[in-house]
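Notes follow the structure.
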Amino acid sequence: MKLSTKGRYAVTAMLDLALHAGKGPITLAEVSGRQHISLSYLEQLFSRLRKANLVDSIRGPGGGYELKRPATQISIAEVVLAVNEPITATRCNGKGDCQGGDVCLSHQLWSELSDQIYQFLSGITLDHVIQRDFVQQVAERQNVRFREEDVIAFG
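Everything in the sequence shown is counted per our numbering, starting at -15 for the first residue and increasing by one.
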(Lines of atoms letter the chains of each structure in order from A and count residues from 1; the text may use other names and numbers.)
(Lines give C-alpha, C1' and ligand atoms only; values in the text may rest on other atoms or scores of the structure.)
Protein backbone atom coordinates (compact mmCIF):
# COMPACT_ATOMS: atom_id res chain seq x y z
CA MET A 1 0.00 0.00 0.00
CA LYS A 2 1.26 3.42 -0.89
CA LEU A 3 -0.38 6.27 0.97
CA SER A 4 -0.49 9.29 -1.29
CA THR A 5 0.38 12.84 -0.34
CA LYS A 6 -3.34 13.52 0.12
CA GLY A 7 -3.68 10.90 2.86
CA ARG A 8 -0.41 11.77 4.58
CA TYR A 9 -1.14 15.50 4.58
CA ALA A 10 -4.68 14.97 5.86
CA VAL A 11 -3.38 12.92 8.81
CA THR A 12 -0.63 15.46 9.50
CA ALA A 13 -3.08 18.38 9.45
CA MET A 14 -5.52 16.56 11.73
CA LEU A 15 -2.68 15.77 14.14
CA ASP A 16 -1.83 19.47 14.17
CA LEU A 17 -5.44 20.31 15.08
CA ALA A 18 -5.43 17.64 17.79
CA LEU A 19 -2.19 18.99 19.26
CA HIS A 20 -3.68 22.49 19.47
CA ALA A 21 -7.20 21.47 20.55
CA GLY A 22 -8.66 23.57 23.34
CA LYS A 23 -6.83 26.72 22.21
CA GLY A 24 -9.65 27.97 20.02
CA PRO A 25 -10.06 27.64 16.27
CA ILE A 26 -6.86 26.99 14.32
CA THR A 27 -6.45 28.71 10.97
CA LEU A 28 -5.26 26.80 7.95
CA ALA A 29 -2.49 29.41 7.65
CA GLU A 30 -1.20 28.26 11.06
CA VAL A 31 -1.33 24.61 10.03
CA SER A 32 0.34 25.50 6.74
CA GLY A 33 3.12 27.39 8.52
CA ARG A 34 3.84 24.65 11.04
CA GLN A 35 3.52 21.69 8.68
CA HIS A 36 4.80 23.24 5.43
CA ILE A 37 1.72 22.20 3.48
CA SER A 38 0.38 24.63 0.90
CA LEU A 39 -2.64 26.61 2.01
CA SER A 40 -4.59 25.84 -1.17
CA TYR A 41 -3.99 22.10 -0.70
CA LEU A 42 -5.15 22.32 2.93
CA GLU A 43 -8.32 24.10 1.80
CA GLN A 44 -9.13 21.18 -0.50
CA LEU A 45 -8.42 18.62 2.22
CA PHE A 46 -10.43 20.46 4.88
CA SER A 47 -13.42 20.72 2.57
CA ARG A 48 -13.47 16.91 2.51
CA LEU A 49 -12.73 16.58 6.23
CA ARG A 50 -15.63 18.93 6.98
CA LYS A 51 -17.99 16.94 4.74
CA ALA A 52 -16.93 13.79 6.62
CA ASN A 53 -17.86 15.49 9.93
CA LEU A 54 -14.32 15.33 11.28
CA VAL A 55 -13.82 19.09 11.65
CA ASP A 56 -15.94 22.14 12.36
CA SER A 57 -15.41 25.39 10.48
CA ILE A 58 -15.74 28.57 12.55
CA ARG A 59 -16.27 31.71 10.47
CA GLY A 60 -15.41 35.30 11.16
CA PRO A 61 -12.60 37.02 13.06
CA GLY A 62 -10.78 34.50 15.20
CA GLY A 63 -12.23 31.71 13.07
CA GLY A 64 -10.61 28.58 11.81
CA TYR A 65 -11.07 24.86 12.33
CA GLU A 66 -11.56 22.58 15.31
CA LEU A 67 -11.95 18.84 15.64
CA LYS A 68 -15.63 17.88 15.55
CA ARG A 69 -15.06 15.10 18.09
CA PRO A 70 -12.36 14.52 20.70
CA ALA A 71 -9.04 13.22 19.34
CA THR A 72 -9.70 10.01 21.28
CA GLN A 73 -12.67 9.33 18.99
CA ILE A 74 -11.14 9.96 15.56
CA SER A 75 -9.18 7.11 14.00
CA ILE A 76 -6.41 7.51 11.45
CA ALA A 77 -8.44 5.29 9.08
CA GLU A 78 -11.36 7.74 9.24
CA VAL A 79 -9.09 10.62 8.25
CA VAL A 80 -7.54 8.72 5.34
CA LEU A 81 -10.93 7.57 4.04
CA ALA A 82 -12.41 11.07 4.43
CA VAL A 83 -10.08 12.42 1.74
CA ASN A 84 -11.03 9.58 -0.62
CA GLU A 85 -7.77 7.74 -0.11
CA PRO A 86 -8.31 4.01 -0.49
CA ILE A 87 -6.77 1.79 2.18
CA THR A 88 -5.85 -1.06 -0.10
CA ALA A 89 -2.76 -2.94 -1.17
CA THR A 90 -4.44 -4.38 -4.26
CA ARG A 91 -3.66 -3.06 -7.70
CA CYS A 92 -7.39 -2.97 -8.48
CA ASN A 93 -8.34 -1.05 -5.29
CA GLY A 94 -10.25 -4.08 -4.05
CA LYS A 95 -12.58 -4.31 -7.06
CA GLY A 96 -11.38 -7.76 -8.13
CA ASP A 97 -10.84 -6.78 -11.75
CA CYS A 98 -7.05 -6.73 -11.61
CA GLN A 99 -6.48 -9.02 -14.58
CA GLY A 100 -8.67 -8.17 -17.52
CA GLY A 101 -11.84 -7.99 -15.43
CA ASP A 102 -11.00 -11.01 -13.25
CA VAL A 103 -9.01 -11.40 -10.05
CA CYS A 104 -5.28 -12.02 -10.33
CA LEU A 105 -3.34 -14.81 -8.60
CA SER A 106 -2.29 -12.64 -5.66
CA HIS A 107 -5.54 -10.68 -5.23
CA GLN A 108 -6.65 -12.51 -2.07
CA LEU A 109 -3.23 -12.06 -0.46
CA TRP A 110 -3.19 -8.30 -1.05
CA SER A 111 -6.83 -8.04 -0.06
CA GLU A 112 -6.05 -9.69 3.29
CA LEU A 113 -3.12 -7.29 3.76
CA SER A 114 -5.48 -4.39 3.04
CA ASP A 115 -7.80 -5.65 5.77
CA GLN A 116 -4.90 -5.81 8.22
CA ILE A 117 -3.80 -2.26 7.36
CA TYR A 118 -7.36 -0.98 7.76
CA GLN A 119 -7.70 -2.70 11.14
CA PHE A 120 -4.36 -1.26 12.26
CA LEU A 121 -5.26 2.30 11.24
CA SER A 122 -8.76 1.95 12.71
CA GLY A 123 -7.25 1.04 16.05
CA ILE A 124 -5.10 4.16 16.26
CA THR A 125 -6.69 7.48 17.17
CA LEU A 126 -5.32 10.97 16.75
CA ASP A 127 -4.88 11.01 20.51
CA HIS A 128 -2.76 7.82 20.46
CA VAL A 129 -0.37 9.50 18.05
CA ILE A 130 -0.13 12.91 19.74
CA GLN A 131 0.59 11.30 23.13
CA ARG A 132 3.86 9.84 21.84
CA ASP A 133 6.95 11.55 23.27
CA PHE A 134 8.52 11.87 19.83
CA VAL A 135 5.44 13.59 18.42
CA GLN A 136 5.37 16.00 21.37
CA GLN A 137 9.03 16.87 20.76
CA VAL A 138 8.46 17.46 17.05
CA ALA A 139 5.38 19.59 17.79
CA GLU A 140 7.33 21.75 20.25
CA ARG A 141 10.09 22.30 17.68
CA GLN A 142 7.48 23.25 15.05
CA ASN A 143 5.76 25.67 17.44
CA VAL A 144 9.05 27.39 18.28
CA ARG A 145 10.02 27.72 14.61
CA PHE A 146 6.55 28.94 13.65
CA ARG A 147 6.67 31.65 16.35
CA GLU A 148 10.18 32.66 15.25
CA GLU A 149 9.03 32.93 11.63
CA ASP A 150 6.10 35.11 12.79
CA VAL A 151 8.48 37.44 14.62
CA ILE A 152 10.73 37.73 11.57
CA ALA A 153 7.81 38.26 9.18
CA PHE A 154 5.99 40.81 11.29
CA GLY A 155 8.94 42.32 13.18
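Beta carbons are placed, not taken as given, at the ideal position from N, Cα and C, and that holds for glycine.
In angstroms, rounded to a whole number, what distance separates the CA positions of residue i and residue j?
i       : j        : result
SER98   : GLN121   : 31 Å
LEU51   : GLN100   : 27 Å
ARG43   : ILE108   : 30 Å
ARG(-8) : LEU110   : 13 Å
GLY46   : ILE71    : 35 Å
LEU33   : ALA66    : 6 Å
LEU3    : ALA73    : 30 Å
PRO9    : ALA(-3)  : 13 Å
VAL49   : ARG116   : Looking at the sequence provided, one finds Tyr at residue 49 rather than Val. Whole-angstrom Cα-Cα distance: 23 Å.
ARG125  : GLU132   : 11 Å
ARG53   : VAL87    : 39 Å
GLU96   : PHE130   : 42 Å
SER59   : VAL113   : 10 Å
GLY6    : GLN92    : 44 Å
LEU23   : THR56    : 26 Å
SER90   : LYS(-10) : 27 Å
GLN83   : VAL128   : 51 Å
ASP81   : TRP94    : 13 Å
Contact defined as beta carbons within less than 8 Å: I believe residue i pairs with residue j. What is the distance between those atoms, to the nearest angstrom?
i      : j        : result
GLN19  : ASP0     : 6 Å
VAL64  : LEU12    : VAL64 to LEU12, Cβ: 19 Å. No contact.
CYS102 : ALA61    : Looking at the sequence itself, residue 102 is Tyr, so the reference to Cys does not match. 6 Å between Cβ atoms; contact.
GLU69  : SER(-12) : 6 Å
The beta strand (DSSP E) with residue i in it runs from where to where?
i     : result
ILE21 : Looking at the DSSP string, ILE21 is not in any beta strand (DSSP E), and its letter there is neither H nor E.
Hey, could you find the ends of the alpha helix (DSSP H) residue i is sitting in?
i       : result
ILE114  : 110 to 114
THR11   : Counting along the chain, THR11 falls outside any alpha helix (DSSP H), and DSSP gives it neither H nor E.
ALA(-3) : -11 to 3
Would you decide whether residue i is buried or exposed? Buried here means 16 or more other CB atoms lie within 10 Å of its CB.
i       : result
GLY85   : exposed
PHE118  : exposed
LEU26   : buried
VAL(-5) : buried
LEU38   : buried
Subject >> Sequence ranges, beta strand (DSSP E) only - wholly within the stretch 31 to 99, length at least 3 >> reply: 39 to 42, 48 to 51
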